[in-house]
Amino acid sequence: MATTVAGALAGGALVIAPAPAVAAPAVDVLLAEVYGGGGNSGASLTNDFIELANKGSAAVAVDGWSVQYLPAAPKPTSTWQVTALTGAVAPGGRYLIGEAKGAGGTLALPAPDAQGAINMSGTGGTVALVRGTAPLTCLTAADCLADGRVVDIAGYGDAVVREGSPASGASNSASVARLSSLADTDDNAADFAAGAPTPLNARGQGPTDPGPGEPEPTNARIHEIQGSTRISPKNGTRVTGVPGVVTGVRGFGSARGFWFQDSRPDDDPRTSEGLFVFTGAVTPQVAVGDAVKVTGKVEEFYPGGETIGGQSLTQVTGATWVIEASGQALPAPVLLDAATLPDAYAPTGTPSIEALALEPTKYALDLYESLEGQLTRVGESRVVGPSTSHGELWVTLEPTQNPTAQGGTLYSGYDAQNGGRLKVASLIPFSQEPFPQANVGDTLTGETLGPLTYDQFGGYSLAATTLGKVVKGTLTPETTRDQKNSELAVATYNVENLSPKDTQAKFDRLAKGIVTSLSTPDVVALEEIQDNSGPTNDGVVAADQTLDKLVAAIKAAGGPAYSWRSIEPVDGKDGGQPGGNIRNAFLFDATRVEFVDRPGGGPTSAVGVRKDWLGRTRLTQSPGRVSPADPAWENSRKPLAAEFRFRGKTVFVIANHFASKGGDQALDSRFQPPTRSSEVQRLAQAKVLRAFVDELLKSDPRANLVVLGDLNDFAFSPTLQTLTDGGALRTMVDTLPANERWGYVFNGNSQMLDHILTSPRISRFEYDIVHVNAAFADQASDHDPQVLRVHPSTGNDFLDLLERLWEELMERA
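Everything in the sequence shown is counted per my numbering, starting at 0 for the first residue and increasing by one.
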């Protein structure tokens, strides 16, 4: 992006700003799928291919355009290879570009809309969609993204040229494909996922013709295709004449298709009678109630890629079908409720449960799999995950399963997966029936039914063709009480990637929450404060505009004129959204509490502990970062330590934001128990932080210490156990009733990721999780804030007792 600098006189010379670059007009055509493994060992397709998608409502001409390819690690002599395009991409349609053919594979591409001869790598490279056919000359991401001819870039594997981070998982048997929403966040890793290649041309045709040596399709019924395990016994083979009645149609996104179900089931409860037919970006011309016979290839599709551990979805690809009748009666849906759902969640103790025979009467996960693609229904159910803008919510089929005080379902341990949770998504266009706005504790009444499916963002879910109605519950956003003059109020709040690019409405909502819901705490530890340019990856690291804008919004909402302290990170070294440079920060009310400033704190300098000349324990820097060079903090936020004075007493506060849980296998993983790979880094971070805590408490065992923030882990996790072992710190959440220990909702589980911990010397306190976000469809953040009100210790038991008696006397007076 070009930057314009105002002209100025400097040293007698006139400096004139360069003319701003003219931005190319935005278009709706994107790179949708890239596959470079064609014809390689293990590949079924004979050719590489590139696929475009048009997410708009009007055709886009691509005459004179091209797709171009660059190796993953280009040399100075590397050049872009070019395939010219002709014609147009239809609204909501696809456009297939065939590339080089390899020696292997048995399945030919459908007729391409353009043909090239680029031999792409199966594991890493860059593809660009370009206005024009002249080869690009850029060899870096920055140069290519600044080229006005470039419409879109997809970097995969170890590609140097990419948007954000490269997409992962490409191989001889896997392409990288844009997610069904066709979202373009300028981050290839977020926008693309690996999976089985699914080439589609402009006519909606897939690779249906068998290649040399491939057997002719065989007749089959749906239960024969689904089989009694998670993997189809006919995986990778072509079937023909598969009969069934259409039960649901997905006519939006890039994962369109339809479900159909056999009206003549077998007597094996392990074999589903429903199946999904994948048609890509092409809306299938079928209607619910059509009796069809389907021909195509059976494939196991892993939403999000095979490596993340999710279940596979059995589907038919490259399909053709014949409609034999319309208006047919649908099979009776299977009722899912507490009576039909097993108490146990999943079998455990094997590397993978894929090959195990299903036991639907024994395990909830097996029951869901045995109904994959089949019509199911739920009756009146309590909402345990609020509705989202994507048209989905979570209900529980087992209302007595670990309920919270607010109506959710509590995640209380690694063996408490809560199998009654089920996502409900809508197949009904929002223009026809808006998705209901539901909060935790509301009730989905009436009958909700549709095919049961699986997706990477929620596991097994009901794709509703009929939606019940939401009856509102009693849950309302909470407020906490004001702190007394003698109480220090310390809060933590993850403000979810806050930057000046957010709307003023978000700043106002957060401000109102701090002023009204949290009752203007004396100190607020903030997580996910982004730099002044937000997610734009431009080298900016300062966040003064972000924090000043929040402070102004708080003052406008009737709060104090908070001051703030933070330390700018090294660009790109603290993780989070690329370009955002998130960091921890402190707000504090200087009329109530003094921030003890000590110089020396910086992004790479480590805070220490020392004694002053009177023998009092002090931080060497305030604010200062805890061991920022330690490998535990690689690509993660560094803890921010600070020293405060309240009514003459020193209070140490450490704000944290540990490594995220990204990369962990989901509770519904085909690997049971799921692997928590991200826990390794958080455990290392907890050990580093604990060492600093031990150093401080060794210097002053009576220190007032508050450790707080988004630790991204549960109260029962090894991470928290490391921080609390031996009684060095105490978790405040353990002081609450068990059914109130939550502040975040994920996939219908109410859970605990943010924490406040204190040193043993803090014995007089009141702790509150203030539920204003996580349980509600209308959120300012996805985290609930927390507040701790404490009476800091003087360090002397006798003086503490006198002070307490005096405060009680004054309160009674």
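Beta carbons are placed, not taken as given, at the ideal position from N, Cα and C, and that holds for glycine.
Over the uninterrupted beta strand (DSSP E) stretch that includes serine 231, give me the two end residues. No beta strand (DSSP E) contains serine 231, which DSSP labels as neither H nor E.
Neighbourhood of valine 175 by C-beta, 6 Å cutoff - its chain only, sequence neighbours within 5 removed: Val33, Tyr155, Ala166, Ala169, Phe191, Ala193
Pick from Gln400, Arg701, Glu371: whose alpha carbon is nearest that of glutamate 299? Glu371
Through-space distance from phenylalanine 670 to proline 350, alpha-carbon basis: 6 Å
Glutamate 379 vs leucine 443 beta-carbon contact at 8 Å: yes
Just to confirm, is the Cβ distance from alanine 335 to valine 281 under 8 Å? What sits at residue 335 in the sequence shown is leucine, not alanine. Against a cut-off of 8 Å, the Cβ pair of valine 281 and leucine 335 comes out as no contact.
Please identify the residue among Val687, Leu728, Gly115 whose C-alpha is closest to the C-alpha of valine 705. Leu728
Nonlocal neighbours in the same chain, by C-beta distance under 8 Å from leucine 448, ignoring five residues either side: Pro332, Leu374, Thr375, Arg376, Val377, Leu461, Ala463, Thr464, Thr465
Have a look at Asp501, Gln114, Ile768, Gly348 and flag the residue whose alpha-carbon is nearest the alpha-carbon of threonine 82. Gln114
Report back the beta-carbon spacing between valine 771 and glycine 406 to the nearest angstrom; my notes put them in contact at under 8 Å. About 15 Å; that fails the 8 Å criterion.
When DSSP labels each residue in this structure, what does histidine 222 get in the three-state scheme? helix
Per DSSP, the bridge partner or partners of serine 749: Leu409, Val744
Euclidean distance between Cα positions of threonine 217 and alanine 776: 48 Å
What are the partner residues of alanine 290, as DSSP defines its beta bridges? Val244, Ala324
Within 10 angstroms of the Cβ of serine 516, are there 16 or more other Cβ atoms? Answer buried if so, exposed if not. buried
Determine the DSSP secondary structure at tyrosine 301, reduced to helix, strand or coil. coil
In chain order, what residues of the same chain lie with their CB nearer than 8 Å to the CB of alanine 102, ignoring the 5 residues before and after it? Gly38
With H, G and I counted as helix, E and B as strand and the rest as coil, what does DSSP make of alanine 685? helix
Would you kindly report the start and end of the unbroken alpha helix (DSSP H) that includes leucine 108? That residue, leucine 108, is in no alpha helix (DSSP H); it is neither H nor E in DSSP.
Among Arg564, Gln80, Leu357, whose alpha-carbon lies nearest the alpha-carbon of leucine 639? Arg564
Which of the three DSSP states, helix, strand or coil, is assigned to phenylalanine 645? strand
Contact check, tyrosine 344 vs glycine 418, beta carbons under 8 Å: yes
Apart from the five residues just before and just after alanine 589, which ones in its own chain have a Cβ nearer than 6 Å to its Cβ? Ser562
Tell me which residues share the same chain as lysine 686 and place their Cβ nearer than 8 Å to its Cβ, disregarding the 5 neighbours each side in the sequence. Ala631, Thr721
Quick one: which unbroken beta strand (DSSP E) runs of 3-plus residues sit fully inside the stretch 421-466? Chain order, please. 442-444, 447-454, 458-463
Identify the continuous alpha helix (DSSP H) that holds arginine 508 and give its terminal residues. 503-511
Along the chain, where does the beta strand (DSSP E) containing isoleucine 96 start, and where does it finish? 93-100
Valine 33: first and last residue of the uninterrupted alpha helix (DSSP H) it sits in: From DSSP, valine 33 is part of no alpha helix (DSSP H) but of the beta strand (DSSP E) over 28-34.
Helix, strand or coil at valine 569 according to DSSP, with G and I counted as helix: coil
C-alpha distance - alanine 9 paired with aspartate 142, whole-angstrom precision: Caution applies to alanine 9, whose pLDDT of 30 falls short of 50 and renders its modelled position unreliable; the model cannot decide the point.
Using a Cβ-Cβ cut-off of 8 Å (strictly less than) and excluding sequence neighbours within five positions of alanine 552, which residues of its own chain qualify? Gln503, Phe506, Asp507, Leu509, Ala510
Histidine 389 burial status per 10 Å Cβ neighbour count (16 or more: buried): exposed
Within its chain, find whatever has a CB closer than 6 Å to the CB of asparagine 118; leave out the 5 residues flanking it on each side and keep chain order. Ala99
Closest Cα partner of arginine 130 within the set Gly124, Ala140, Leu138, Asp146: Asp146
What does the alpha-carbon distance come out to for the pair threonine 395 and valine 469? 14 Å
As assigned by DSSP and simplified to three states, the class of aspartate 190: helix
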